[in-house]
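For the sequence shown, the numbering used here assigns the number 330 to the last residue and increments by one with no breaks.
Where a beta carbon is used, it is the ideal one built from N, C-alpha and C, also for glycine.
These numbers were taken from a predicted model, which means no experiment stands behind them.
Take a look at the structure below.
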Amino acid sequence: IPVDGGVPAALLTQILESQYGYHVDAQGLEPFPELQSLRSVFNPHKRRLLLNNRLNERQRTFQLAKELGFNVLGLKERPLASNMLRVNSFEETLNNYKAAYFAVAILINRNAMVRDIRNFFGQKTWNGQLLLDMMAKYQASPEVLFQRFNVLTSDFRLEKIFFLRFIHDLDRDAFDIDKELHLNRRHQPHASGLNEHYCRRWLSISLLNSLKQQHGEALSTYPNLLTGVQRAAFLDSGEEYLCIAIAKPGYPTVGRNVSVTLGVLLDDRTKRTIRFWDDPAIQRTTVNVTCERCSLADCAERAAPPTTVQKREERRRMQEMLDQLTQK
Numbered sequence: 003i004p005v006d007g008g009v010p011a012a013l014l015t016q017i018l019e020s021q022y023g024y025h026v027d028a029q030g031l032e033p034f035p036e037l038q039s040l041r042s043v044f045n046p047h048k049r050r051l052l053l054n055n056r057l058n059e060r061q062r063t064f065q066l067a068k069e070l071g072f073n074v075l076g077l078k079e080r081p082l083a084s085n086m087l088r089v090n091s092f093e094e095t096l097n098n099y100k101a102a103y104f105a106v107a108i109l110i111n112r113n114a115m116v117r118d119i120r121n122f123f124g125q126k127t128w129n130g131q132l133l134l135d136m137m138a139k140y141q142a143s144p145e146v147l148f149q150r151f152n153v154l155t156s157d158f159r160l161e162k163i164f165f166l167r168f169i170h171d172l173d174r175d176a177f178d179i180d181k182e183l184h185l186n187r188r189h190q191p192h193a194s195g196l197n198e199h200y201c202r203r204w205l206s207i208s209l210l211n212s213l214k215q216q217h218g219e220a221l222s223t224y225p226n227l228l229t230g231v232q233r234a235a236f237l238d239s240g241e242e243y244l245c246i247a248i249a250k251p252g253y254p255t256v257g258r259n260v261s262v263t264l265g266v267l268l269d270d271r272t273k274r275t276i277r278f279w280d281d282p283a284i285q286r287t288t289v290n291v292t293c294e295r296c297s298l299a300d301c302a303e304r305a306a307p308p309t310t311v312q313k314r315e316e317r318r319r320m321q322e323m324l325d326q327l328t329q330k
């Protein structure tokens, strides 16, 4: 396995076939139009791994590396499709995450990644091209690259971080968080689960809007990537995060785009580690979680009225009136 660059899909295929008795079919899902939203399907009886023929090289490599993870780690209880259409057990879900973590670990060598992150954080000014260069070097998708940023906790002692993945449904023009990870504690940017409108000032969403404006629809390949950085200060808590994001077409799924975001709480440790945190070119923005829960007045990006704030204020006024009426 290469230690300072991308891992070829051909090498992973060879390992699966020669050491684990697999037959890898790169066109395996092509005859099944109903399964085109899946990236891979494994038939355990025939040891066949059927891949979606529309996967690009990065996506194909990840599926192969993940499949290798199931075997190397000896994970017997596992999903047979890349997308878990049905959750059969906690063990199956856990093993799926273990295999994915294994895939990220072998696709991006830890020591090499630490050197690259140290160089990235050591820049005096923001340089998004370095993120794209890392993706190209390791032949990694934004999701895989940001997952490998887990070295921040041990090697850089940055523990107050979060990862979010947003899905932009282009037909509904709706934004949803489908994956999130919070380290140290639950941070302000998080999924609401209340069918509310996420703050349109978040870097994640602004990049997705920019991607839609540039191209109109989800594209079929990776060249059209957008990177961005933002200092996001939350209205209610005053906490400020340095957010770094990448937006891309949601290929091979049509009609959607995707953004992944890394957020780091701007405390003294972060400011000593990330030199470009105070780059004057970085936009500073006041944000909140959802529009319905935001009291910020005159917000040009507001997507919904502050109904929760209004109801809370109405209850407060009612309580004041009740207190007055019931005083001695």
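Is the distance from the Cβ of residue 199 to the Cβ of residue 258 below 8 Å?
Numbered from its first residue, the sequence shown carries residue 199 at position 197. Numbered from its first residue, the sequence shown carries residue 258 at position 256. Against a cut-off of 8 Å, the Cβ pair of residue 258 and residue 199 comes out as no contact.
Just checking my contact of residue 26 with residue 53 at CB under 8 Å: how many whole Å lie between their CB atoms?
On the sequence shown, residue 26 is found 24 positions in, with the first residue counted as 1. On the sequence shown, residue 53 is found 51 positions in, with the first residue counted as 1. Confirmed, about 7 Å.
Under 6 Å Cβ to Cβ from residue 261, same chain only, skipping five residues before and after it: list those, please.
Within the sequence shown, numbered from 1, the residue matching residue 261 stands at position 259. Answer for residue 261: 168, 206, 209, 210, 247 and 249, listed in chain order.
Between residue 163 and residue 132, which are expected to be in contact by the criterion C-beta below 8 Å, what is the C-beta distance as a whole number of angstroms?
Taking the sequence shown and counting its residues from 1, the one referred to as residue 163 is at position 161. Taking the sequence shown and counting its residues from 1, the one referred to as residue 132 is at position 130. The Cβ separation is near 18 Å, so there is no contact.
CB residue 238 to CB residue 290, shorter than 8 Å?
As a first step, residue 238 is located in the sequence shown; it is residue number 236 there, counting from the start. As a first step, residue 290 is located in the sequence shown; it is residue number 288 there, counting from the start. Yes. Within cutoff.
What residue does the beta strand (DSSP E) around residue 177 start on, and which one ends it?
Sequence index remark: in the sequence shown, residue 177 carries index 175 (1-based). Counting along the chain, the beta strand (DSSP E) containing residue 177 begins and ends at 176-184.
Can you tell me which residues form a DSSP beta bridge with residue 250?
Against the sequence shown, residue 250 aligns to sequence position 248. Answer is 260.
Sorted by chain position, which residues of the same chain lie with C-beta nearer than 7 Å to residue 116's C-beta, five sequence neighbours on each side aside?
Within the sequence shown, numbered from 1, the residue matching residue 116 stands at position 114. Contacts found: 153 and 157.
Kindly list the residues whose CB is nearer than 8 Å to the CB of residue 328, restricted to its own chain and excluding five residues on each side of it in sequence; keep chain order.
For the purposes of this step, residue 328 is taken as the residue at position 326 of the sequence shown. Nothing meets the Cβ criterion.
How would you write the range of the alpha helix (DSSP H) that residue 118 sits in, first residue to last?
The residue given as residue 118 occupies position 116 in the sequence shown. Segment 112-123, the alpha helix (DSSP H) holding residue 118.
Expressed to the nearest angstrom, what Euclidean distance is found between the alpha-carbon atoms of residue 89 and residue 306?
Taking the first residue of the sequence shown as position 1, residue 89 is located at position 87. Taking the first residue of the sequence shown as position 1, residue 306 is located at position 304. Their Cα atoms are separated by approximately 34 Å.
By the 10 Å Cβ neighbour count, where 16 or more other Cβ atoms means buried, how is residue 313 classified, buried or exposed?
Walking along the sequence shown from the start, residue 313 turns up at place 311. Under this definition residue 313 is an exposed residue.
What's the gap between the Cα of residue 30 and the Cα of residue 55?
The residue you call residue 30 lines up with position 28 of the sequence shown. The residue you call residue 55 lines up with position 53 of the sequence shown. Going by the C-alpha atoms only, they are around 7 Å apart.
Out of curiosity, what's the CA-to-CA distance linking residue 179 and residue 165?
Taking the first residue of the sequence shown as 1, we reach residue 179 at position 177. Taking the first residue of the sequence shown as 1, we reach residue 165 at position 163. Taking the straight line joining both Cα atoms gives about 10 Å.
Output yes or no for whether 8 Å exceeds the beta carbon distance between residue 46 and residue 82.
Walking along the sequence shown from the start, residue 46 turns up at place 44. Walking along the sequence shown from the start, residue 82 turns up at place 80. Yes, these two residues count as a Cβ contact at 8 Å.
Is residue 42 helix, strand or coil when you go by DSSP?
As a working note, residue 42 is residue 40 in the sequence shown. Strand, per DSSP.
Return the chain-ordered ranges of every beta strand (DSSP E) run that is complete within the stretch 138-182 and spans a minimum of 3 residues.
Qualifying beta strand (DSSP E) stretches, in chain order: 163-171.
Quick check on the burial criterion: 16 or more other C-beta atoms within 10 angstroms. Buried or exposed for residue 64?
Indexing the sequence shown from 1 puts residue 64 at position 62. Classification for residue 64: buried.
Give every residue of the same chain whose Cβ lies closer than 7 Å to the Cβ of residue 32, excluding the five residues on either side of it in the sequence, and list them in chain order.
Counted from its first residue, the sequence shown places residue 32 at position 30. Result list for residue 32: 55, in chain order.
Between residue 181 and the rest of its own chain, which residues show a CB-CB distance below 7 Å, the 5 nearest in sequence each way excluded?
Along the sequence shown, read from residue 1 onward, the residue named residue 181 stands at position 179. Result list for residue 181: 167, in chain order.
Identify which residue in 231, 252 and 78 has its Cα closest to the Cα of residue 243.
Indexing the sequence shown from 1 puts residue 243 at position 241. Checked all of 231, 252 and 78; the closest Cα to residue 243 is 231.
Excluding the five sequence neighbours on either side, which residues of its own chain have a C-beta within less than 7 Å of the C-beta of residue 114, listed in chain order?
Along the sequence shown, one-based indexing puts residue 114 at 112. Excluding residues within five positions, the ones whose Cβ falls inside 7 Å are 5 and 6.
Look at the alpha carbon of residue 84 and the alpha carbon of residue 94, and state the distance between them as a whole number of angstroms.
As a first step, residue 84 is located in the sequence shown; it is residue number 82 there, counting from the start. As a first step, residue 94 is located in the sequence shown; it is residue number 92 there, counting from the start. Straight-line Cα distance between these residues: approximately 12 Å.
For residue 146, which residues from the same chain have a beta carbon less than 8 Å from its beta carbon, with the 5 sequence-adjacent residues on both sides left out?
Residue 146 sits at position 144 when you count from the first residue of the sequence shown. For residue 146, where only same-chain residues beyond five positions count, the Cβ hits under 8 Å are 60, 64, 105, 106, 109, 110 and 140.
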